[in-house]
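Counting in this note's numbering, the sequence shown runs from 66 upward without gaps.
Think of the CB as a built atom: it goes at the ideal place given N, C-alpha and C, for glycine as much as any other residue.
None of these values were measured; they are calculated from a predicted model.
Notes follow the structure.
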Amino acid sequence: MNRMKGFSRRPLFSVDAEGYGRSHPRRQHWIQDAIDRVLTQAATEVGFERERWQTQLAGDSAFSVLGADESEPLLVDDFVRHLDSGLREVNDGREAGARLRLRAAFHHGVAVPARGGFSDRGAVETARILDCKPLREALRLSPSAVLAVAVSREVFHTVIGGAYTTLRAEEFREARVRSKEFDDAVWIRVPGGDVHGLGSLEGDEPPVAPAAPGVPAAPAQPAAPAQTPVRDQRAELVFEAPVHGSVIGIVNEYRA
């Protein structure tokens, strides 16, 4: 029997900075330092011990696996509140184009330490959520915001829907993400903003190659089954999107 060491279901979250690749080297250095500072400060404010987390760093991104005894409701509620506050503090006095703005994804699943970083579906799914087009669009369409957050189905229904936080379900907007092996709904929130007033968050449908002469077109795929609605939940957005950005398993630094 294969009993993989390190298996456990944990709170998972990942952050990534907007516009890092377009920044000059000095600003990239500042972004990396600022991300570390705001994450540490937010963790300290809610009583987390960030040095105990298993963290994978990759330039402008950080993927973290929390301890089994650390509170998931605190992570998606109080931690996010302090993260937003810390971002506004480090951006104080900076011009709009020079501010640090983050996307953050929250999930609960399995992420097993591996030679190249982390393995298992929890790590991969967190990366897909972080990089999804609706979350990127939510931040882009909210110029006064410094943070946009997406939570997985499990986190939304269990933690938010279960009323374990001060957050209300209607503060989130549902979007469908189809990216490689990931096909599920996520729920997006912009702290301090109205995510429902942002207009469409859909991405462009990928182009469909024309059928060769004499070859019938492929049949249309059936629509995804409807999901049971959550109280005050908004309509679902469906789109296809490629994955860009960080890939779990490529590591610049690993800290356990």
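From the listed residues PHE237, ALA192, VAL216, the smallest Cα separation to GLU246 is found for ALA192. For GLU239, DSSP records a beta bridge to TRP252. Residue pairing from DSSP places PRO76 in a beta bridge opposite HIS173. For a cut-off of 8 Å, the C-beta gap from SER207 to GLY162 is around 15 Å, too long to register as a contact. Exclusion of the five residues before and after LEU152 leaves VAL103, LEU165, LEU167, VAL211, LEU212 as the residues of its chain whose Cβ lies within less than 7 Å of its Cβ. Under the three-state reduction of DSSP, VAL189 is assigned to helix. Under the DSSP assignment, ALA215 falls in the beta strand (DSSP E) whose first and last residues are 212–217. Shown here, LEU140 sits in a helix according to DSSP, grouped into three states. In the DSSP assignment, SER244 is bridged to PHE247.
For the options ASP248, GLU83, GLY187, the alpha carbon positioned closest to that of GLY124 is the one of GLU83. ASP81 sits in a strand when the DSSP states are folded into three classes.
Per DSSP, the unbroken alpha helix (DSSP H) holding ASP149 starts and ends at 145–155. Excluding residues up to 5 positions away in sequence, nothing lies with its Cβ nearer than 7 Å to the Cβ of SER265 in the same chain. Sequence-distant partners of GLY132 (beyond 5 residues in either direction) whose C-beta falls short of 6 Å from its own C-beta, in its chain, are ARG117. In the three-state reduction of the DSSP assignment, ARG102 falls in the helix class.
Close CB contacts of GLN106 within its chain, under the 6 Å cut and outside five residues either way in sequence, are with GLY151 (chain order). GLU137 is classed as buried because its beta carbon has at least 16 other beta carbons within 10 Å across all chains shown.
Per DSSP, the unbroken alpha helix (DSSP H) holding ARG205 starts and ends at 198–205.
Per DSSP, the beta bridge partners of LEU167 are ALA82, LEU212.
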